[in-house]
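J.: For the record, the sequence lines run as chains S and F. When you line the first sequence up against my numbering, it's residues 394 to 636, in that order. When you line the second sequence up against my numbering, it's residues 394 to 636, in that order. Below is one structure. I have some questions about it.
2 protein chains.
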Amino acid sequence: MNLTNIDARIIPAATAHGVFALDRHLPAAEQVYRQLRNEIITCRIAPNEAISENRICGMFGVSRSPVRVAVTRLAEDGLIEIFPQRGTFVAAIKLKQLREAQFARSALEVALAEEAARHWTEQHSDEVRINLDQQVQHARAGDSRSFFLDNEAFHQLIARAAKLEGVWTTVQSVKTIWDRIGHLANRVPAHTLEIIAEHKVIVQALASQNPKGAAAAMKTHLRSVDHAIARLQPLHADYFVEE
Amino acid sequence: MNLTNIDARIIPAATAHGVFALDRHLPAAEQVYRQLRNEIITCRIAPNEAISENRICGMFGVSRSPVRVAVTRLAEDGLIEIFPQRGTFVAAIKLKQLREAQFARSALEVALAEEAARHWTEQHSDEVRINLDQQVQHARAGDSRSFFLDNEAFHQLIARAAKLEGVWTTVQSVKTIWDRIGHLANRVPAHTLEIIAEHKVIVQALASQNPKGAAAAMKTHLRSVDHAIARLQPLHADYFVEE
DNA sequence: GTCAGTATTCTAGTATACAAGTTGAAGGAT
DNA sequence: ATCCTTCAACTTGTATACTAGAATACTGAC
């Protein structure tokens with residue numbers, strides 16, 4: 394993207410939730426979708442909060458057409474719920490859905506780790522080493538946003554090593570619901586260091602091309618996130634519902 | 394993509410794909426989506442075929458607004474591809490995507506079968522027995538549409554037995570790409586009887602509450618679908634692309 | 001004060017009009 | 001004949017207007 398003369402294309406919009414700027418050369422719907430999704434996942438727009446399409450129009454300075462596209466997509470992601478003629482609301486975090494997402498993610502990523510070990514090369518080791526370094530760096534700096542991205546890159550790298558990168562997009566859609574509480578959990582430094590330690594165990598198994606070992610390490614790693622819920626749920630009880 | 398002979402593929406809606414009647418009391422967008430999705434999955438609208446929003450408007454007798462919602466959803470399902478200011482086309486079946494979907498589906502359903510065996514009850518056995526009877530009945534009658542639904546119900550029942558019914562929706566979205574060729578494959582009677590036999594092996598393991606056995610049986614079952622591609626691909630070579 | 005009925009004002013769904021961009025063929029110049 | 005320019009006919013993206021239904025607040029009767 395050309396960053397030289399963006400100024401003319403930027404349209405600012407002051408809002409209750411912040412200031413959003415849109416690049417008029419890119420599809421508005423896509424940008425609105427990404428922004429809203431980010432706001433919801435990071436809980437800056439809280440669960441159960443009402444969303445008005447017209448208000449969003451004002452926030453971004455666009456008409457309802459692109460806003461509706463974005464809102465429809467978010468509804469399909471399960472992040473918001475639309476009640477015709479009544480209103481649209483940010484979905485609460487459903488505990489049953491969390492369990493199901495956890496199950497699905499574990500099944501997919503354990504299988505990916507197993508397959509990745511079969512195709513692991515020295516080049517993958519090099520790549521993952523750089524990634525792990527960044528994880529440590531960002532964790533120590535308390536940069537939870539960057540750590541989140543590092544974490545994503547780590548798991549995606551494993552999918553790529555398995556020559557099944559497309560499966561990662563499936564994992565992403567499944568774990569969307571987890572990201573909402575993940576952003577909160579990553580604020581705890583002890584937790585991030587724990588995660589990094591588990592990542593290193595996985596890498597060790599991958600590097601020694603041990604499929605079963607990698608699968609087991611991944612299973613352990615993903616099981617530990619369960620504890621995150623147990624810790625967070627009482628802190629934000631109003632965000633969660635059973636079903 | 395070759396855009397030079399698009400004109401040859403543009404066919405008046407009324408003669409090519411019929412005119413669809415809509416229930417005006419239900420949301421138009423949802424109905425358009427379901428109809429179009431069905432047409433694409435059953436290959437009545439062939440891969441690479443051009444889709445014009447305006448033409449669809451004519452087919453259903455609605456404006457572009459609900460059509461756009463439907464088209465956008467189909468694009469997210471990966472069934473169609475939108476090229477801004479150029480056109481919208483039914484996506485070709487990507488072999489790499491098929492492999493990835495197969496991997497993901499297998500990982501999910503094997504894990505589901507394993508979990509289902511742990512929670513299997515006599516009532517589940519009763520339900521699945523009725524379902525298997527219908528499979529045999531519809532297979533013998535050559536009713537591929539009903540057999541497809543039976544098959545879906547069978548796998549969904551296993552997810553429900555695992556107390557993880559929500560995971561089934563993930564499986565569904567992943568296997569959408571498979572359904573497109575599945576509808577063709579189910580026309581072969583020998584193939585359906587083979588599938589039923591494999592289903593029975595799975596049920597046996599589930600009924601004896603044998604998690605590892607159920608997982609293995611499911612794995613075998615889902616692996617056999619690979620053969621379906623090998624058989625179908627040469628018959629519809631123009632529907633497939635590597636990536 | 002209480003309650004029924006009504007009106008206003010929200011909402012999402014749909015229809016229509018316009019804007020921006022691409023394609024491919026027609027037509028003239030070389 | 002070949003190349004270049006131009007233009008008309010599409011395409012999707014966006015903006016606006018209108019419809020129908022639901023919730024709420026208000027008004028009037030009792």
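For glycine and all other residues, C-beta sits at the position ideal for the given N, C-alpha and C.
(1) Mind pulling the chain F residues with CB within less than 7 Å of VAL560(S)?
(2) I need the DSSP call for ILE451(S), collapsed to helix, strand or coil.
(3) Within this structure, are the beta carbons of VAL503(F) and THR563(S) separated by less than 7 Å?
(4) What ranges does the beta strand (DSSP E) occupy inside the region 447 to 515 of chain S, keeping only unbroken runs of at least 3 residues that lie completely in it?
(5) List, from N- to C-terminal side, the alpha helix (DSSP H) runs of 4 residues or more that fit wholly inside the region 565 to 621 of chain F.
(6) Quick one: list the residues of chain F neighbouring VAL425(S), beta-carbon separation under 9 Å, in chain order.
(7) In its own chain, which residues sit with a C-beta less than 6 Å from the C-beta of ALA468(F), not counting the 5 before and 5 after it?
(8) Measure the alpha-carbon distance for GLU515(S) versus ALA600(S) and round it to whole angstroms.
(9) Counting Cβ pairs, one atom from each stretch, are 3 or more of them under 8 Å apart for the region 425 to 444 of chain S and the region 624 to 635 of chain S?
(10) Is it right to say ALA555(S) is buried, meaning 16 or more other beta carbons lie within 10 angstroms of its own, or is it exposed?
(11) To the nearest angstrom, how far is it from the Cα of ARG538(F) to the Cα of VAL464(F)?
(12) From the DSSP output, in three-state form, read off ASP536(S) for me.
(13) In terms of residue numbering, what span does the alpha helix (DSSP H) encompassing ALA421(S) cover?
(14) Measure the alpha-carbon distance for VAL460(F) versus ALA509(S) and round it to whole angstroms.
(15) According to DSSP, is ASP416(F) part of a helix, a strand, or is it coil?
(16) Please report the straight-line C-alpha distance between ASP572(F) and GLU545(F), rounded to a whole angstrom.
(17) Out of LEU472(S), ILE486(S), ALA583(S) and HIS548(S), point me to the one whose CA is closest to MET611(S)'s CA.
(18) May I ask you to list, following chain order, the residues of the region 443 to 477 of chain S that have a beta carbon less than 8 Å from some beta carbon of chain F?
(19) May I ask you to list, following chain order, the residues of the region 549 to 575 of chain S that have a beta carbon less than 7 Å from some beta carbon of chain F?
(20) Does chain S have any CB closer than 7 Å to the CB of LEU501(F)?
(21) Looking at ALA532(S): is its Cβ nearer than 7 Å to the Cβ of THR585(S)?
(22) On the CB-based measure, 16 or more other CB atoms within 10 Å of its CB, does LEU419(F) come out buried or exposed?
(23) Quick one: which chain F residues come within Cβ less than 8 Å of GLN490(S)?
(24) In angstroms, rounded to a whole number, what distance separates the CA positions of ASP536(S) and LEU542(S)?
(25) So what's ILE444(S) in DSSP terms, helix, strand or just coil?
(26) With 7 Å as the limit, tell me which residues of the region 502 to 515 of chain S have their beta carbon closer than that to any beta carbon of chain F; keep them in chain order.
(27) Among THR569(F), HIS620(F) and PRO627(F), whose alpha-carbon lies nearest the alpha-carbon of THR435(F)?
(28) Taking buried to mean at least 16 other C-beta atoms within 10 Å of its own C-beta, is THR613(F) buried or exposed?
(29) State the Cα-Cα distance for the pair ASP519(S) and LYS487(S), rounded to the nearest angstrom.
(30) How big is the Cα-Cα spacing for ARG427(S) and ILE433(S)?
(31) Per the DSSP calculation, PHE633(S) is bridged to which residue(s)?
(32) Would you call ALA623(F) buried or exposed, if buried means 16 or more other Cβ atoms sit within 10 Å of its Cβ?
(33) Rounded to whole angstroms, what is the Cα-Cα separation between ILE588(F) and GLU493(F)?
T.: Let me lay it out:
(1) Result: GLU493, PHE496 and ALA497.
(2) Here residue 451(S) turns out to be Gly, not Ile, going by the sequence shown. Per DSSP, reduced to three states, the secondary structure at GLY451(S) is helical.
(3) The answer is no: Cβ separation not under 7 Å.
(4) Unbroken beta strand (DSSP E) runs of no fewer than 3 residues, entirely contained in the region 447 to 515 of chain S, are found at 473 to 476 and 480 to 483, following chain order.
(5) Whole alpha helix (DSSP H) segments, 4+ residues: 582 to 600 and 604 to 616.
(6) Within 9 Å Cβ-Cβ: nothing; VAL425(S) doesn't reach chain F, min ~13 Å.
(7) For ALA468(F), where only same-chain residues beyond five positions count, the Cβ hits under 6 Å are ILE475.
(8) Approximately 8 Å, taken between the alpha carbons.
(9) Contact annotation: the region 425 to 444 of chain S touches the region 624 to 635 of chain S, with at least three C-beta pairs closer than 8 Å.
(10) ALA555(S) comes out buried.
(11) The alpha-carbon atoms of ARG538(F) and VAL464(F) are separated by roughly 24 Å.
(12) Reduced to three states, the DSSP call for ASP536(S) is coil.
(13) 421 to 434 is the extent of the alpha helix (DSSP H) around ALA421(S).
(14) Spanning the two alpha carbons is a distance of roughly 41 Å.
(15) Here DSSP, grouped into helix, strand and coil, assigns ASP416(F) to coil.
(16) Just so you know, the alpha carbons of ASP572(F) and GLU545(F) end up roughly 11 Å apart.
(17) Proximity to MET611(S) across LEU472(S), ILE486(S), ALA583(S) and HIS548(S) peaks at HIS548(S), based on C-alpha coordinates.
(18) Taking 8 Å as the Cβ-Cβ cut-off against chain F, the residues of the region 443 to 477 of chain S that qualify are ARG461, VAL462, THR465, ARG466, GLU469 and PRO477.
(19) Within the region 549 to 575 of chain S, the qualifying residues are LEU557, GLY559, VAL560, THR563 and VAL567.
(20) Yes, LEU501(F) lies at the interface with chain S (some Cβ there is under 7 Å from its Cβ).
(21) Between ALA532(S) and THR585(S), the C-beta spacing is below 7 Å.
(22) Classification of LEU419(F): exposed, given that the 10 Å Cβ count is below 16.
(23) Against GLN490(S), the close residues of chain F are GLY559, in the order they occur along the chain (beta-carbon pairs closer than 8 Å).
(24) Distance between the alpha carbons of ASP536(S) and LEU542(S): 10 Å.
(25) Here ILE444(S) sits in strand by DSSP.
(26) Cβ contacts with chain F: ALA504.
(27) Ranking the options by Cα distance to THR435(F), first place goes to THR569(F).
(28) Exposed, since its Cβ has fewer than 16 Cβ neighbours within 10 Å.
(29) Cα to Cα, ASP519(S) sits roughly 39 Å from LYS487(S).
(30) Distance between the alpha carbons of ARG427(S) and ILE433(S) is about 10 Å.
(31) PHE633(S) is bridged by DSSP to ILE486(S).
(32) With fewer than 16 other Cβ atoms from the protein chains shown falling within 10 Å of its own Cβ, ALA623(F) counts as exposed.
(33) When only Cα atoms are considered, ILE588(F) and GLU493(F) end up about 21 Å apart.
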